[in-house]
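First comes the structure, then the notes that go with it.
Structure follows, in structure tokens:
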């Protein structure tokens, strides 16, 4: 039985350092603005030396983490303190899935499946299996799947009370991640480059040939066409449902895991050691950001500008992320003038222009094409939530960008 959750690689692991200037959204790729990301890492003390393999949050304050020797912890204060809910078992917990109301499932070795809720209750479920489960995914409170060693894929339609086996064409490979877009369409990945998809809820599976030919550890799709696979030496992306794949990272020395796209543009991933990865262009390019300690990254999650990272040896850190605009050089002869005073944006241009407002998740909040030379926008009329936003004004090849904050 494999228990290589640390994903260690023999030999020296190189440490790459890159300038953390991040490309803006694809609309303005290779132009301004670009983003710079800084992470302020803070160590969080927990009353356990056990390695934590997985950590997940379902809102900014509440989350779970689990790991070796039946260890389970819960937080209700954004990770400041952790409540021990450990089980009296030797199970190694490997993955967590949570809904926004706190309902969730934790899986691990020896067929272990536990169900949790927002009240802190942990209830053991019967899987009728002694195999190691590596990944769990639920579509709703009833329909879910787990996958793991020896190619096992189980499905439940009653929230995990009962499970039945799904068959597929590669029965002896270890599978590491499973993800479903809807009740019918899903993906599973694993050893020896395994990438499989289903269009009938897992009754049958189709194998896909990809550039990721080693151990694939993570898969995520945002719709039937667009998805990512990450693992030993690769991050690959498809935009046509797996018919073709773009290699966005290829290396022989690093392992990519803990993969999470927040939306179609913004995402995070963890390197086996020393780095986390950030993308702001849908995973086409990735930037490397140093982690606070030289240790293997076991589990990671991102919620509300906080990056939680669990390392070997029971080390836990919270990284507070700050995204700022870094303006490239702008033509001194720019014909666009943008002023921002007291929630009022004034734009003057000698040509028609377009105004776009994005939040820091890469989501477009506002768009308007203006044919006049002058335009005033009262931000109070947009009812924007408190937060930081990026304003882009474009006219032909002329671009101006500013960052502004909504405070109340």
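Residue numbers (our numbering): 869 to 1276. Beta carbons are placed, not taken as given, at the ideal position from N, Cα and C, and that holds for glycine.
> Which whole runs of the beta strand (DSSP E) in the stretch 1248 to 1273 are 3 residues long or more, in chain order?
Replying inline: 1255 to 1263
>> Less than 8 Å between the C-beta atoms of residue 1176 and residue 947, yes or no?
In response: yes
> Would you call residue 919 buried or exposed, if buried means 16 or more other Cβ atoms sit within 10 Å of its Cβ?
Replying inline: buried
> With contact counted as at least three CB pairs below 8 Å, one residue from each stretch, are the stretch 1039 to 1057 and the stretch 1065 to 1085 in contact?
Replying inline: yes
> When the Cα of residue 923 is compared with those of 961, 957, 955, 937, which residue comes out closest?
Replying inline: 961
> Since residue 981 and residue 993 are thought to touch, with beta carbons under 8 Å apart, how far apart are those beta carbons, to the nearest angstrom?
Replying inline: 4 Å
>> Just to check my reading of the structure: residue 1164 and residue 1146 have Cβ atoms closer than 8 Å, yes? What is that Cβ distance to the nearest angstrom?
In response: Not quite, the Cβ-Cβ distance comes to about 19 Å (not below 8 Å), so this is no contact.
> Which whole-angstrom value describes the C-beta separation of residue 965 and residue 972, a residue pair presumed to lie in contact below a C-beta threshold of 8 Å?
Replying inline: 6 Å
>> With distance defined between alpha-carbon atoms, name the residue in 1075, 927, 1212, 1034 nearest to residue 1172.
In response: 927
> Taking the alpha-carbon positions, what's the residue 1134 to residue 1270 distance?
Replying inline: 20 Å
> At which residues does the beta strand (DSSP E) containing residue 1168 begin and terminate?
Replying inline: 1165 to 1171
>> On the DSSP letters alone, give me the boundaries of the beta strand (DSSP E) that residue 1146 sits inside.
In response: 1143 to 1147
> If you count every other CB in all the chains shown that lies within 10 Å of the CB of residue 1001, and 16 or more means buried, which is it?
Replying inline: buried
> Exposed or buried, what is residue 991 when buried is set at 16 or more other beta-carbons lying within 10 Å of its beta-carbon?
Replying inline: exposed
> Taking all protein chains shown into account, do 16 or more other C-beta atoms lie within 10 angstroms of the C-beta of residue 898, making it buried, or fewer, making it exposed?
Replying inline: Legend: pLDDT at residue 898 = 33, less than 50; position of this residue unreliable, value from coordinates given subsequently. Residue 898 is exposed by the Cβ-count criterion.
> DSSP beta-bridge partners for residue 1186?
Replying inline: 910, 1176
> Skipping 5 residues on each side, what residues in its chain have a beta carbon closer than 7 Å to that of residue 1078?
Replying inline: 1061, 1063, 1097, 1104, 1113
> Closest to residue 1220 by CA distance: which of 1234, 1275, 1243 is it?
Replying inline: 1243
> With DSSP run on the structure shown, which of helix, strand or coil describes residue 1017?
Replying inline: helix
> Straight-line CA distance for residue 1050 to residue 1012?
Replying inline: 11 Å
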